[in-house]
Structures are given as C-alpha cells and as structure tokens.
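Asker: Take the sequence shown: its position 137, counted from the start at 1, is 136 in numbering that gives the first Met the number 0, and no numbers get skipped.
By construction, the Cβ of each residue, glycine as well, lies at the ideal position given by its N, Cα and C atoms.
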Amino acid sequence: MSGVSSFSGVSGPSGPDCRICLLKNGDAPAVAALETVCFSDPWGEPEFASLEESRLDKGFAAWVGETLAGYAILRTVAGEGELLRIAVRPDVRGRGIARKLMEQVERAAREAGADSLFLEVRAGNKPALALYRASGFEENGRRKDYYRFPTEDAVLMERSLSPLEDGDGVSI
Ligand SMILES: CC(C)(COP(=O)(O)OP(=O)(O)OC[C@H]1O[C@@H](n2cnc3c(N)ncnc32)[C@H](O)[C@@H]1OP(=O)(O)O)[C@@H](O)C(=O)NCCC(=O)NCCS
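1) So A86 and L163 are supposed to be a Cβ contact under 8 Å. How far apart are they, rounded?
2) What residues are listed by DSSP as bridge partners for L73?
3) Enumerate in chain order the residues of its own chain whose CB-to-CB distance from D144 is below 6 Å, with the five nearest sequence positions on each side excluded.
4) Please classify F59 as buried or exposed, where buried requires at least 16 neighbouring CB atoms within 10 angstroms.
5) Quick one: is the Cβ of G123 within less than 6 Å of any heavy atom of ligand 1?
6) Can you have a look at S159 and say buried or exposed, based on whether 16 or more other CB atoms are within 10 angstroms of its CB?
7) Just mark T75 as buried or exposed, buried being the case when its beta carbon has 16 or more other beta carbons within 10 Å.
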C-alpha cells in the first residue's frame, strides 16, 4: 500500500494534479479550518486528531499542491460503512475531487468487509445529494428536524457494496 494515489485533470492553484492520501493526525488543524468554511456546524480539531490510531475510522485527504483541497471520513462497524464527513474547498469544487474521495471511501469500506454504505445529508444540500446519487446512493428514510444551524431534515441514504475481487487492487 503506497498511501497515496494521484489522478490528473484537476486544475488547482498549485498545479494540475490532485493526490489522494490517508489523513494524518497532523492534518487535523487544516481539516478543522476547512470544516469552518464548508459547514455551518463544524467539527473541531480533536475529532480529526487521532484518526491514525482509530480501529473504526479512516480519513482521506485530497491535496492540490501543498493545499488541502478536500477530505472524507469513513467509519466501518460490523459490516456497515458510514460516510461521516466529506468536503471540498469552495475554490476547487466541480472538478471531480469529491468523486475521487468517494471512490477511496467505497474501496476502503469494501476492504473492511462492509457490504453497504450509509450516510446522512441535509435535505436542502443539493450538491451533496447530487454527488451521492451519482455515486449510487438511494434515499431510504428521513429524520425530521435532525440538523441544527439551521434546523433541517436529514435524508438517509444507502448503497450496497460488492465484495472485493481479485484485480480490484487495494486502497491507499
Ligand atoms: C458536496 C461536495 C463535497 C461536492 O464536492 P465536488 O468536489 O465539487 O464534487 P465533484 O466535482 O466530485 O462532483 C461529483 C458529482 O457530484 C454532483 N455535484 C457536485 N456538485 C454539484 C452541484 N453544485 N450541483 C449539482 N451536482 C453536483 C455531480 O453529479 C458531479 O458529477 P458531474 O460533475 O459529472 O456532474 C462540495 O460541494 C462540498 O464540500 N460541499 C460542502 C460540504 C458538504 O455539504 N458536504 C456534504 C455533507 S453531507
């Protein structure tokens, strides 16, 4: 496992390539800073500061040059994966970075033995809903007034995962 995966086609401020790496504990300040830009109810730095030791959670970072362009956090428990967080810097959105992060999340969930992947999303978050539908998720429930700042329903989404097969390779 190399710990890094690159793909071309992302024109960021620091160059044409975007690298997807495992999130390191030392990335926590940059992730927490991006949280405040991307969410009205941001998580704090401690939530990201011990991912390397976690047995359940795994984090992925997307780097454009030296800039943290996005990240995603997966939790896998008892054969089920949950996407806890995904976000991309506003200035590099719409360039496929979240899609690449989702691919790594899916692969890591399959490697951890998950046969399904779940998430919750604000009912009014159209870009995220579009991303998830494009990634194969389907709505399977709602939680009324689940979110605060502002109060909003949660849409519950799920997709099934096929078992890993020879030739699928390994995640980073
Ligand atoms: C949701 C988010 C992560 C998408 O990141 P992104 O890097 O811009 O997404 P991508 O460029 O990889 O888009 C992948 C697909 O998602 C969908 N999508 C993404 N942004 C979209 C938008 N603004 N409008 C419509 N569809 C969108 C499209 O289907 C797109 O595929 P396409 O470009 O082939 O049409 C980003 O908007 C974000 O960080 N939002 C704030 C944080 C957030 O809401 N996170 C989700 C919490 S549940």
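Answerer: According to the data block:
1) Working through the sequence shown from its first residue, we reach residue 86 at position 87. Working through the sequence shown from its first residue, we reach residue 163 at position 164. Actually they do not touch by this definition, with Cβ atoms about 27 Å apart.
2) Residue 73 sits at position 74 when you count from the first residue of the sequence shown. Beta-bridge pairing links L73 to K57, L82.
3) The residue given as residue 144 occupies position 145 in the sequence shown. For D144, where only same-chain residues beyond five positions count, the Cβ hits under 6 Å are T150.
4) In the sequence shown, the residue the question calls residue 59 occupies position 60. Its Cβ being crowded by 16 or more others within 10 Å, F59 is buried.
5) Counted from its first residue, the sequence shown places residue 123 at position 124. No, Cβ of G123 sits at least 6 Å from all heavy atoms of ligand 1.
6) In the sequence shown, the residue the question calls residue 159 occupies position 160. That one is exposed.
7) Mapped onto the sequence shown, residue 75 falls at position 76. T75 should be labelled buried.
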